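Visitor: Handing you a structure now.
In this note's numbering, the protein residues as written are 1 to 565.
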């Protein structure tokens, strides 16, 4: 048995145990709170706390299952890699950091997992060690450092209360407004909401197994999970701000994915859109539905990335969807997995994404929210179906431009087996989790409101097929400037990278010119050393000719006496 299969078996066993324990904890309404005081500091205890309840257990179950599938998948995808042990350790550190963050309600241990995610993600994004990976990794780690700093400030502020555990203040009258605001802002950075959205597509420079793990259940979902876990604190007084940012993120990501041709970036933008939907449901107070959609999204997004990775692997690293096509003939198993995951993403009935997505849309129709947010929500849902069907058309229906130049075979390899296993879960687990955890039975609406979601999805599918056909694509070139803005995420990558880098570089250059190479050159270490060197040379010269110096001094004294007397 290979090391990849062994890791998969261990992770799958732990995932199954965690899922069973979550069911038992939910049925019994139990939760376990483990606390270990590391040391005391004044009146403050530094504690290590673990909270085991059904929320943490089911999310950790999904994280471990998807991580095991990714390890099993990587055995074939990373075949021939020289630094396999480094890749395994980095992925294991990634999963360990996420599990630490899931289990802990303490801000310090949350920061350990949170910062571990940021550090390991940087190491994984720059894994291929080229300039593109370096730029993407730098943008990723700097964007995530904003959230780290906000949590550090929240830790400092929580010293006023003498305890960093949120659960300790549950039900109390303590005002945690500032702390909860900092945590919500930190979650916006990790979940890539506007204006921190640019790093998410840039992080696609990582290997595809890493992307499937990052975008499904670990890095980008950490911010969502933090609000799910600590959402009771801020009591949704930031709901309007969250609603506006999440709807704008959904709309921007949907528009960008409709005009993107890089396969992995299309899927990354779809992740951004789904994160916006989760944040939108959190802004309305639908915490349980947000968790439900988070779990379902983890399943079909991991499958989508892994099946796309098989296609990229077959095309020898090529990612442009304009040169792909005819996958139904060349890769029958992978095309089936790819289409099923895309349909689950679009919310097609009776797949995993349908149960959570349709429920969020229907419950939002019952809430008292403004009409513009509701319209933007449904338009963004339609755009999700648009780019999904566009992707399916480009990959399966079109004739391949490079037909005959590649020899494909998906067979029954390791990557195919891991994708087929996730496909079964993407089909059946939506209904299973909804029966287990969701207490909505039936929502009654008028006929047109009940069919509104289906109508929006149908119009989105029609639009996606239209913009994929070449004749419509040529007609749309008339609006090239508007399309450029829509396809470049409203210029966020340019605004969040070049201007932020230019000012420090210009200021650093001027400071170096006027200080390090200016007066600091004369008065600093180098200037002082040169002056000491000159003085020492003069002293050496004097000591070497002491007789001449004595005679010269005598003559000077004689002349002074003659002159004054």
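In this text, a Cβ means the ideal position worked out from N, Cα and C, and glycines have one as well.
Computed from a predicted model, the values in this text were never measured in an experiment.
(1) List the residues that DSSP assigns as beta-bridge partners of residue 11.
(2) Taking residue 244 as the reference, give the member of 376, 19, 199, 392 with the closest Cα.
(3) What number of angstroms, rounded off, separates the C-alpha of residue 262 from the C-alpha of residue 28?
(4) Does the region 339-353 touch the region 105-114, meaning 3 or more C-beta pairs lie closer than 8 Å?
(5) Enumerate in chain order the residues of its own chain whose CB-to-CB distance from residue 374 is below 8 Å, with the five nearest sequence positions on each side excluded.
(6) Kindly provide the ranges of any alpha helix (DSSP H) runs that are 4 or more residues long and lie completely inside the region 322-354, ordered along the chain.
(7) Measure from the alpha carbon of residue 32 to the alpha carbon of each residue in 38, 555, 146, 53, then state which is nearest.
(8) From residue 294 to residue 98, what does the alpha carbon distance come to, in whole angstroms?
(9) Could you give the first and the last residue of the continuous alpha helix (DSSP H) run that contains residue 114?
(10) Are there 16 or more other CB atoms within 10 angstroms of the CB of residue 212, so buried, or fewer, so exposed?
(11) Going by C-alpha distance, which of 288, 418, 282 is nearest residue 184?
(12) Taking C-beta to C-beta, are residue 423 and residue 345 nearer than 8 Å?
(13) Using only the alpha-carbon positions, how far apart do residue 41 and residue 434 sit?
(14) Below 6 Å CB to CB, which residues in the same chain sit around residue 386 once its five sequence neighbours on both sides are set aside?
(15) Label residue 114 either buried or exposed according to how many other C-beta atoms from any shown protein chain fall within 10 Å of its C-beta, with 16 as the threshold for buried.
(16) Return the residue from the list 44, 504, 75 that minimises the CA-CA distance to residue 310.
(17) First and last residue of the alpha helix (DSSP H) that includes residue 73?
(18) Just how far apart, CA to CA, sit residue 66 and residue 210?
(19) Straight-line CA distance for residue 249 to residue 39?
(20) If we count Cβ pairs, one from each stretch, closer than 8 Å, do we get three or more for the region 271-280 versus the region 189-201?
(21) Beta carbon of residue 580, beta carbon of residue 153: below 8 Å?
(22) For residue 429 versus residue 352, is the C-beta distance shorter than 8 Å?
(23) Please report the straight-line C-alpha distance between residue 260 and residue 222, rounded to a whole angstrom.
(24) Can you tell me the Cα-Cα spacing of residue 196 and residue 17, whole angstroms?
(25) Around the Cβ of residue 300, are there at least 16 other Cβ atoms within 10 angstroms (buried) or fewer (exposed)?
(26) Mapping the DSSP letters down to three states, classify residue 404 as helix, strand or coil.
(27) For residue 131, which option in 206, 86, 308, 391 has the closest C-alpha, if you only look at C-alpha atoms?
(28) With DSSP collapsed to three states, give me the class of residue 358.
(29) When you compare the CB positions of residue 227 and residue 187, do they come within less than 8 Å of one another, or not?
(30) Is residue 165 helix, strand or coil when you go by DSSP?
(31) Using the Cβ count rule (16 or more neighbours within 10 Å means buried), how would you classify residue 199?
Guide: With the structure as the only source:
(1) Locating residue 11 in the chain shown gives position 11, counting from the first residue. DSSP, once it has assigned bridges, lists no residue as partnering residue 11.
(2) As a first step, residue 244 is located in the chain shown; it is residue number 244 there, counting from the start. Among 376, 19, 199, 392, the Cα nearest to that of residue 244 belongs to 376.
(3) Stepping through the chain shown from its first residue, residue 262 is reached at position 262. Stepping through the chain shown from its first residue, residue 28 is reached at position 28. Roughly 48 Å between the two C-alpha positions.
(4) no
(5) Start at 1 with the first residue of the chain shown, and residue 374 comes out as number 374. Within the same chain, residue 374 has close Cβ partners 364, 365.
(6) 327-330, 332-346
(7) Numbered from 1 along the chain shown, position 32 holds the residue referred to as residue 32. For residue 32, the nearest C-alpha among the options comes from 53.
(8) As a position in the chain shown, residue 294 is number 294, starting the count at 1. As a position in the chain shown, residue 98 is number 98, starting the count at 1. Rounded to the nearest angstrom, the two C-alpha atoms are 15 Å apart.
(9) In the chain shown, counting from the first residue as 1, residue 114 sits at position 114. Start and end: 107-125.
(10) Taking the first residue of the chain shown as position 1, residue 212 is located at position 212. Taking a 10 Å sphere around the C-beta of residue 212, we find 16 or more other C-beta atoms and assign the residue as buried.
(11) Start at 1 with the first residue of the chain shown, and residue 184 comes out as number 184. Checking every option, the nearest Cα to that of residue 184 belongs to 282.
(12) Mapped onto the chain shown, residue 423 falls at position 423. Mapped onto the chain shown, residue 345 falls at position 345. No, the pair does not count as a contact, with Cβ atoms beyond the cut-off.
(13) On the chain shown, position 41 is the one that residue 41 refers to. On the chain shown, position 434 is the one that residue 434 refers to. Each residue's Cα considered, the two are about 46 Å apart.
(14) Taking the chain shown and counting its residues from 1, one reaches residue 386 at position 386. Correct list, in chain order: 258, 460, 463, 464.
(15) In the chain shown, the residue the question calls residue 114 occupies position 114. Buried is the call here.
(16) The residue given as residue 310 occupies position 310 in the chain shown. That would be 75, whose Cα lies nearest to the Cα of residue 310.
(17) The residue labelled residue 73 in the question sits at position 73 within the chain shown. Residue 73 -> alpha helix (DSSP H) spans 54-77.
(18) In the chain shown, the residue the question calls residue 66 occupies position 66. In the chain shown, the residue the question calls residue 210 occupies position 210. Those two C-alpha atoms are separated by around 11 Å.
(19) By one-based count along the chain shown, residue 249 stands at place 249. By one-based count along the chain shown, residue 39 stands at place 39. Distance between the alpha carbons of residue 249 and residue 39: 43 Å.
(20) Touching, yes.
(21) No statement about residue 580 is possible, as the shown extent of the chain runs from 1 to 565 and does not include it.
(22) In the chain shown, counting from the first residue as 1, residue 429 sits at position 429. In the chain shown, counting from the first residue as 1, residue 352 sits at position 352. Cβ distance < 8 Å, so residue 429 and residue 352 count as in contact.
(23) Counting from one through the chain shown, the residue named residue 260 turns up at place 260. Counting from one through the chain shown, the residue named residue 222 turns up at place 222. Their backbone Cα atoms lie some 26 Å apart in a straight line.
(24) As a position in the chain shown, residue 196 is number 196, starting the count at 1. As a position in the chain shown, residue 17 is number 17, starting the count at 1. Spanning the alpha carbons of residue 196 and residue 17 requires a straight line of approximately 36 Å.
(25) As a position in the chain shown, residue 300 is number 300, starting the count at 1. Residue 300 should be labelled buried.
(26) Start at 1 with the first residue of the chain shown, and residue 404 comes out as number 404. The predicted model places residue 404 with a pLDDT of 49, which falls under 50 and marks its position as unreliable, so this point remains unresolved.
(27) To locate residue 131, count along the chain shown from 1; it is residue 131. For residue 131, the nearest C-alpha among the options comes from 206.
(28) Position 358 of the chain shown, counted from the first residue, corresponds to residue 358. If DSSP states are grouped into helix, strand and coil, residue 358 belongs with the helices.
(29) The residue given as residue 227 occupies position 227 in the chain shown. The residue given as residue 187 occupies position 187 in the chain shown. For residue 227 and residue 187, yes; Cβs fall inside 8 Å.
(30) By 1-based counting over the chain shown, the position of residue 165 is 165. If DSSP states are grouped into helix, strand and coil, residue 165 belongs with the strands.
(31) Residue mapping note: residue 199 aligns to position 199 of the chain shown, counting from 1. With 16 or more other Cβ atoms within 10 Å, it is buried.
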